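Sequences listed follow chains A and B, in order. Read in order, the letters of the first sequence correspond to residues 225 to 337 in my numbering. Read in order, the letters of the second sequence correspond to residues 2 to 118 in my numbering.
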Amino acid sequence: EAQVTQNPRYLITVTGKKLTVTCSQNMNHEYMSWYRQDPGLGLRQIYYSMNVEVTDKGDVPEGYKVSRKEKRNFPLILESPSPNQTSLYFCASWGQGRRTEAFFGQGTRLTVV
Amino acid sequence: GNSVTQMEGPVTLSEEAFLTINCTYTATGYPSLFWYVQYPGEGLQLLLKATKADDKGSNKGFEATYRKETTSFHLEKGSVQVSDSAVYFCALSDLTSTGGGADGLTFGKGTHLIIQP
């Protein structure tokens, strides 16, 4: 079954404690991306990757890091989380071609206290 | 750059009412257009898509027609159900774009639809 898997689904952490949210896809997609979803702001892109070792900033990259060492994995790293990073996070992947659809993970609800 | 504009809502309707959610776009190239749906507590999933002008995408009773002349892709359903309550995102994919994030994939802000029994 084609899917994007994020972990964990829910996470409560304290300010400054480094955390990683994992994302894995099984469709051999070239493109992967992280979004955060906040009320009234819709989906905002954090970082994206066009292939292994190729990443670039999205609209709201501050406070986040990513890496793409393997095609299927695209972890999101918060080195020093702050309360303004409390949000719902989604990972997505898609293949090449303008007709291809994006596949989304189930989301990670992060709370930073 | 590319952009997608849609009504944000919330849109509240009674069961069996007719639904229209407007979506307009700007794109530098010739995009494909998508509607995604997000049910409570879940990620986004593709609802329907259209890849060229005058194409009609359809799924689960929803329809949208790619209108190049008006740069629109409005979502419609003839008779909504309580189970259609969700957030709906209009999106475009534009391979020729140099902006808009990875490969020109751009989302609207989402429309929260509430259907009352």
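We put the beta carbon where it would ideally sit given N, CA and C, even for glycine. Model, not experiment: these values are computed from the prediction.
Next item on the list: Indicate whether at least one CB of chain B lies closer than 8 Å to the CB of Q330 of chain A.
Entry: Counting from one through the first sequence, the residue named residue 330 of chain A turns up at place 106. Chain B contact via Cβ: present.
Margin query: So, at 8 Å on beta carbons, what are the nonlocal neighbours of E325 of chain A in its own chain, with the 5 sequence-adjacent residues on each side left out?
Written below: If you number the first sequence from 1, residue 325 of chain A lands on position 101. Apart from sequence neighbours up to five positions away, the residues of its chain that approach E325 of chain A with a beta-carbon distance below 8 Å are W318, ordered along the chain.
Check: If the cut is a Cβ gap below 9 Å, which residues of chain A does G111 of chain B touch?
Finding: The count along the second sequence starts at 1 and reaches residue 111 of chain B at position 110. Chain A residues near G111 of chain B: Q261, G266 and L267.
Notebook entry, point to check: In or out: S41 of chain B buried (at least 16 other Cβ within 10 Å) or exposed?
Noted result: What you label residue 41 of chain B is simply residue 40 of the second sequence in a count that begins at 1. In the sequence on display, residue 41 of chain B carries Pro and not Ser. By the 10 Å Cβ count, P41 of chain B comes out exposed.
Next item on the list: List the endpoints of the continuous beta strand (DSSP E) containing Y255 of chain A.
Entry: Along the first sequence, read from residue 1 onward, the residue named residue 255 of chain A stands at position 31. Y255 to D262 is the extent of the beta strand (DSSP E) around Y255 of chain A.
Margin query: How far does the beta strand (DSSP E) with Y313 of chain A in it extend, from its first residue to its last?
Written below: The residue given as residue 313 of chain A occupies position 89 in the first sequence. Element bounds for Y313 of chain A: S311 to W318.
Next item on the list: Would you verify that the beta carbon of G10 of chain B is, or is not, closer than 8 Å to some beta carbon of chain A?
Entry: One-based indexing of the second sequence puts residue 10 of chain B at position 9. It does not; no Cβ of chain A falls within 8 Å.
Check: Going by the CB atoms, is the gap between K295 of chain A and N252 of chain A shorter than 8 Å?
Finding: Against the first sequence, residue 252 of chain A aligns to sequence position 28. Against the first sequence, residue 295 of chain A aligns to sequence position 71. A contact, by the Cβ cut-off of 8 Å.
Note to self: Check this for me: beta carbons of G123 of chain B and T112 of chain B, under 8 Å apart or not?
What the structure shows: A question about residue 123 of chain B goes unanswered here, because the residues of chain B that appear run from 2 up to 118.
Note to self: Rounding to the nearest angstrom, what Cα-Cα distance links K242 of chain A and H75 of chain B in this structure?
What the structure shows: Taking the first residue of the first sequence as 1, we reach residue 242 of chain A at position 18. Taking the first residue of the second sequence as 1, we reach residue 75 of chain B at position 74. Answer to the nearest angstrom: the Cα atoms are 43 Å apart.
Item checked: chain A within 8 Å of D95 of chain B, Cβ atoms only -> For this step, residue 95 of chain B is matched to residue 94 along the second sequence. Chain A, which has a Cβ nearer than 8 Å to the Cβ of D95 of chain B, makes this yes.
Check: Taking C-beta to C-beta, are A51 of chain B and L93 of chain B nearer than 8 Å?
Finding: As a working note, residue 51 of chain B is residue 50 in the second sequence. As a working note, residue 93 of chain B is residue 92 in the second sequence. For A51 of chain B and L93 of chain B, no; Cβs fall outside 8 Å.
Checklist line | Neighbouring residues, chain A, relative to G2 of chain B (Cβ below 7 Å) | finding: Here residue 2 of chain B refers to the residue found at position 1 of the second sequence. Per Cβ cutoff of 7 Å: no residues; G2 of chain B is ~11 Å from chain A at best.
Item checked: Contact residues within the segment 29-62 of chain B, judged by C-beta distance below 9 Å to chain A -> Flagged, chain order: G30, Y31, P32, S33, F35, Y37, Q39, G42, E43, G44, L45, Q46, L47, K50 and T52.
Margin query: Quick check: is the beta carbon of R323 of chain A nearer than 8 Å to any beta carbon in chain B?
Written below: As a first step, residue 323 of chain A is located in the first sequence; it is residue number 99 there, counting from the start. Interface residue, yes.
Item checked: Expected contact under 8 Å - CB spacing of V5 of chain B and F108 of chain B to nearest Å -> Stepping through the second sequence from its first residue, residue 5 of chain B is reached at position 4. Stepping through the second sequence from its first residue, residue 108 of chain B is reached at position 107. Confirmed, about 6 Å.
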